[in-house]
Amino acid sequence: MPQPGFLKKRNLCLLNEGEWESLCDNCGFCCLYRVLYDDTEEVYLTRVMCSCYDLKAGKCSVYEKRFEVNPDCTRITAENIAGLTWLPPHCAYRLAYENQSLPENRPLFSRKRRRSGQRELERVLGGRVVLYEDGLDLCDYIVWKC
Ligand code: SF4
Ligand code: SF4
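This is the structure:
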């Protein structure tokens, strides 16, 4: 099993699919809607969650077919990570891209998939997350600038 810090010695492009997937702790921050202001190109995170996210389970409910169900779902890859500047600072893909160490509680380092990601969502947004529904104005739910 990999140890924390192993990514510093490996190129993200060389991770196999299982290793890549296990970096994610299902924190759900990338499933929150963002607002992009065209005039300033500023991106703001909202507390509105994709309706495919299961808040109780703390993960996407359609993960295997997410790109079919939700064409707006973003695929995070080693090739596009540089442009995904809105990913939260604790996201493992962002940390790995920035060549920073990953916390030891990542699923990659433990057979027991921990729920640290879900706890982070609760800690930061304190249960204020709402699921997206038609008619909702995202601008009313902005929490911070990415
Ligand atoms: S923000 Fe990063 S760690 Fe969190 S769910 Fe998205 S990809 Fe996974
Ligand atoms: S489809 Fe799933 S992975 Fe994609 S944004 Fe929605 S909840 Fe997240």
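Just so we're on the same page, the working numbering is the position in the sequence shown counted from 1, plus 1155. We put the CB at the ideal spot given by N, CA and C, even for glycine.
Let me check you understand the geometry: is the CB of Ile1236 closer than 7 Å to at least one non-hydrogen atom of ligand 1?
no
Where Cys1215 falls, given that 16 or more other Cβ within 10 Å makes a residue buried:
The residue is buried, with at least 16 neighbouring Cβ atoms inside 10 Å.
In angstroms, rounded to a whole number, what distance separates the CA positions of Arg1269 and Gly1173?
Note that Arg1269 scores a pLDDT of 48, beneath 50, so its modelled location is shaky; the value from the coordinates is reported in the next line. For Arg1269 and Gly1173, the gap between their C-alpha atoms comes out near 16 Å.
Given 8 Å as the limit, is there contact between the segment 1276-1296 and the segment 1216-1223, that is, 3 or more CB pairs closer than that?
no
So, at 7 Å on beta carbons, what are the nonlocal neighbours of Leu1293 in its own chain, with the 5 sequence-adjacent residues on each side left out?
Tyr1188, Val1190, Thr1201 and Val1203
At what residues does the alpha helix (DSSP H) containing Tyr1199 begin and finish?
Segment Glu1197 to Met1204 is the beta strand (DSSP E) holding Tyr1199; no alpha helix (DSSP H) there.
Please return the same chain residues whose Cβ sits closer than 6 Å to the Cβ of Leu1167, not counting the five positions on each side in sequence.
Ala1233 and Ala1251
Under 8 Å, Cβ to Cβ, is there at least one residue of chain D near Asn1181?
Absent from the structure: chain D. Only one protein chain is present.
Express the C-alpha separation of Thr1195 and Cys1179 in angstroms, rounding to a whole number.
30 Å
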